Structure formats: C-alpha cells, structure tokens
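In the numbering used here, the protein residues as written are 2 to 409. We treat Cβ as the ideally placed atom computed from N, Cα and C, and that holds for glycine. The structure presented is a predicted model; accordingly, all values stated were derived computationally and were not measured. Read the structure below first, then the notes.
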Amino acid sequence: MKPKHVCVLGAGIVGLATAWQLHREGYEVSVIERDAPGHGASGGNGAQLSYSYVQPLADPSIWKQLPKLLLSPSSPLKLRPALDPLQWRWGLAFLEACDADTSRETTSQLLALAAQSREAFEEMMLELEPACDFSTTGKLVLYSSAASLESARRQLDLQRELGSSPQRLVTPDECVAIEPALVHYRERMAGAIHTPGECAADCLKLCTELEAALAQRGVAFQLGVEVQGFVESGGRVVAARTSAGPFEADAYVLALGSTSQRLARQLGAYLPVYPLKGYSITVDVEEGRATAPHVSVTDSARKVVFARIGSRLRVAGMAELVGHDASIPAERIETLEAATRELFPHASRFEELHPWTGMRPATPTGRPIIGRHPDAPSNLLFNTGHGALGFTLAFGSAIRVAEALARG
Ligand SMILES: Cc1cc2nc3c(=O)[nH]c(=O)nc-3n(C[C@H](O)[C@H](O)[C@H](O)COP(=O)(O)OP(=O)(O)OC[C@H]3O[C@@H](n4cnc5c(N)ncnc54)[C@H](O)[C@@H]3O)c2cc1C
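Written out as structure tokens, the structure reads:
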C-alpha cells in the first residue's frame, strides 16, 4: 500500500530536496532535524552545481598521487588512522574502487543523475524563485602542468562520450579572456577545461528558503529534535525514536548525511558512508575588473574550488579521513586564504574569513545510496552518501527516492 505520511530524517540539502519532491507528489511530509536546516555539510560547501564535472575521487590516478597526497604537509588529503574498523573498511573499499572500469561506471551514473538533477533544480527555481545568489557563469578547471592537462583531456573525451554538456580545453590566454580575474595567475597555468553551462548558488540560503516555502505549504518541521533510533515491529519501522519522543509515520527517508551510517547500523544495515572532512572560507569581494571571479574556478593541483555567491567569494577544499572531528585548525584556513591571495590577489580585503568545516557523506565509489536496503525495514528508504556532489545531485536523487517509495 502506498504510504500517506512520510517522515524525512535530516534537513540538509538532500533531505529538503526529498521533502520538496514528496510534497509535490501529494504525500503528507514531516521533517526531523537536530539543528537548523542546512547546518550540516550543506551549509558552507563549495557552492558549485557541477553537473558536467563529476569525476569521482576514486580514480586510478590516485595510485600515483597517493604517496605525495599522504606525506606532503601541504597535501589537500589527510588520513589520521584510527582504531575504527569502519574507517579501515571504507578505506579498503575506496582503494578497490580506484580502477578504470569502476571510475568510468561511476562517471556514467553520476552524469545521468546530474542531468536529472539539473532539470528538477531548474523547475524548483522557476516555481520558488528562491533568493540564493544563483548564477550560471560557467566553470574553469585549471591545470598547472602539461601532464595533468593531458590526463584532463582524456577525462574530457570520456565525459563527452558519456553525454556531458559542452566542455572544451582552453589555453591560459583563453582562460583570462573568459575570467579576467585570473590575469595574475596566467603564467602558472598550463590550460583549463571550460564548461560554460555550470552554475553556482549559496546552498545554505537555498536550504533556508526551501524550509520556509515547505512549512508554508504544510510540511511539518521538527527542528532541534535528534533522531536516536527506531522502534521496529514485523520488519517495519513503526516510529522514529527522537529526543522529543517517538514519531510515527507510514514511511521514513533517512537523509542524515555523514551520520547516516550510525543510525542505519542500529537496524542491521551497513551503509558504506564515512565523513570526508573539508573546509571553506567566505570573503566579501572587492568590486572591479580583474578582482574576484564571476566564473567558478577549480584549481586541480590544490584541489580548491572558488565560487562567486552574490557579493561574496566561497573558497572550499581539502579531504580528510579523521572521523567526526569538527575542529578547524588554523593552518587549513590559512592554506585556503593563501590560495585565494595567490590566484586572486585583489579579490577581497580578507577582513573576515568566516571559517567553516563540514563532513561530506562519502561512499568509496562516489555513488550515492538511494532507495531501499536489503537488510533494513521495507518502509525505510535511504538518500545519502552524495560525497562531494550533494548539492549538485540532491534534486535528481529526490526524484529517484520518490520513485522507489511509489514502487512499494
Ligand atoms: C568543503 C566542502 C565542499 C563541498 N562543495 C560542494 C560543491 O561545490 N558542490 C556540491 O554539489 N557539493 C559539495 N559538497 C558536498 C555537499 O555539501 C554534500 O554532499 C551535501 O551537503 C550532503 O547533504 P546532506 O543533506 O546529505 O547532508 P547534510 O547537509 O550534512 O545534512 C544532514 C542533516 O542531518 C542532520 N542530522 C544528522 N544526524 C541527525 C540526527 N541524529 N537527528 C536529527 N538530525 C540529524 C544534520 O544536522 C544535517 O542538517 C561539499 C562538501 C564540503 C564539505
């Protein structure tokens, strides 16, 4: 029987997009969130809607880069080995996924999901017109050496073959013509990939706008309420156990980001989701030609992304396997500031950096977990594990979880 009342657990961008889709399809929807909407990984993320650039972290090129990535003090990747079997299980599965066939299959699946997501996102934007500093100014992914540019060319060919939207290789001069603020970095680039159709937006602002719109349309939000477990009976979840008491619904969608794994484990389901910690800063921009970029920029060597959101520049990066440690070491923030000053020295006065950290809910392959799980109750669905692309993929994933729910 089709459920009437669905409870979405988690109000990050994935949970909110799910609530949006389910409400459109006529379900009665409730959302439980321990904090305020968008205050998990979604809040200060890189702000890029990266529909065409979905290459997973698990890629064969990792093997060659691994020693440098793990040993260099300035490496964007950090591993703090812990006595945590989940960390080791995840790490081994990640290394296993670093082969050409798996990476190609992931790219293909993510491109399809991203295309579906883009369509659904655009429909939502038309209907809601949220104030979220949305822009379609395209994206440049910069490469600093001929070798990295050559491997980017191969990825470009693969993405073209798999149906991504138009992208092309550009010279440093063309980069500066596309984004004049890169003029100071001209000599440091070997070239770039330009994707004119890519977008950016402030994910936290969108989460806030979605919550307000959904609440007005009758979606019930339980904010400041923690999900602690489940009451099960006859192979079904009959209630979510929460800090405010049991909460009953006909079906549940678990969208708890990097903590999804803990809650799923209570039901006997293993979800290969581990926190992949990252950081961001957000600075006010100095207006003028060749100051802060309007085009989104990814510096592939540093693995740092830059996105313009209104009168601010968001700078995000790093990937750390350090468990759920939410501290913000000063040197990580200094690295992001130094990268910004190097690429865009006149972007900002750098008075306030607004340091932030968040945990990407990462799966070893980079593919999200959407729908039912064989070991979990049948009325509990998952929408999690979107890793570095949760903002990009949220609205497509929401459609897929709604389809799974409707299939019963
Ligand atoms: C540095 C960085 C840069 C990124 N850049 C980009 C980018 O440019 N583009 C892109 O597409 N993606 C990017 N991402 C990834 C993206 O932000 C995530 O994939 C996405 O936010 C995941 O959304 P989510 O809703 O699954 O998780 P979250 O946003 O973490 O939401 C989960 C929610 O569940 C709540 N919750 C958790 N446990 C409980 C509980 N027990 N009870 C009640 N509530 C609970 C949390 O409070 C949280 O609000 C980036 C991530 C990081 C860290």
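Using beta-carbon positions only, say whether residue i and residue j come within less than 8 angstroms of one another.
| i | j | result |
| --- | --- | --- |
| G192 | L170 | yes |
| V55 | A12 | no |
| Q160 | L112 | yes |
| S259 | P276 | yes |
| R313 | V284 | yes |
| C99 | D60 | yes |
| T341 | A348 | yes |
| L390 | Y253 | no |
| S53 | T196 | yes |
| A214 | F222 | no |
| T299 | L58 | no |
| W91 | P365 | yes |
| S328 | Q49 | no |
| S43 | F392 | yes |
| L87 | L211 | no |
| K5 | D251 | yes |
| A405 | G388 | no |
| Q267 | G230 | yes |
| A182 | A339 | no |
Who does residue i pair with in a DSSP beta bridge?
| i | result |
| --- | --- |
| N410 | Lying before the first or after the last residue shown, residue 410 is absent from the chain, which here runs from 2 to 409. |
| K278 | E321, M360 |
| H411 | Outside the modelled stretch of the chain, which goes from 2 to 409, sits residue 411, for which no answer is possible. |
| G192 | Y144 |
| I310 | R313 |
| S234 | R237 |
| R263 | Per DSSP, none; premise fails for R263. |
| Y271 | Partner(s): none; Y271 has no beta bridge. |
| Y253 | C8, L381 |
| S51 | In the DSSP output, where bridge partners are listed per residue, S51 has none listed. |
| V298 | L141, F307 |
| D285 | R313 |
| F345 | Paired residue(s): none; F345 is not in a bridge. |
8 angstroms is my cut-off, CB to CB: does residue i come that close to chain C?
| i | result |
| --- | --- |
| S234 | As a matter of chain content, chain C is missing from the structure shown, which is built from one protein chain. |
Could you tell me how far apart the beta carbons of residue i and residue j are, in whole angstroms, since I believe they sit closer than 8 angstroms?
| i | j | result |
| --- | --- | --- |
| F396 | S118 | 5 angstroms |
| L272 | T385 | 7 angstroms |
| L141 | E106 | With a Cβ gap of about 27 angstroms, L141 and E106 do not count as contacting. |
| I33 | F248 | 6 angstroms |
| R189 | V177 | No, R189 and V177 are not in contact; Cβ-Cβ is about 12 angstroms, not under 8 angstroms. |
| A317 | G279 | 6 angstroms |
| L264 | V228 | 6 angstroms |
| R81 | V323 | 4 angstroms |
| C208 | I14 | 6 angstroms |
| L224 | A37 | 6 angstroms |
| R218 | E287 | 40 angstroms between Cβ atoms; not a contact. |
Measuring only from the beta carbon, is residue i closer than 7 angstroms to any heavy atom that is part of ligand 1?
| i | result |
| --- | --- |
| R361 | yes |
| G1 | Here the chain covers residues 2 to 409 and nothing more, so residue 1 does not appear. |
| R401 | no |
| H374 | no |
| E227 | yes |
| Q49 | yes |
| N380 | no |
| R242 | no |
| I329 | no |
| H325 | no |
| S145 | no |
| Y275 | no |
| L10 | yes |
- Query: Fully enclosed by the stretch 59-132, which alpha helix (DSSP H) runs are 4 residues long or longer?
  - Reply: 62-72, 86-98, 101-129
- Taking the runs of the alpha helix (DSSP H) that are 4 residues or longer, which of them lie wholly in the stretch 147-224? 147-162, 173-179, 204-217
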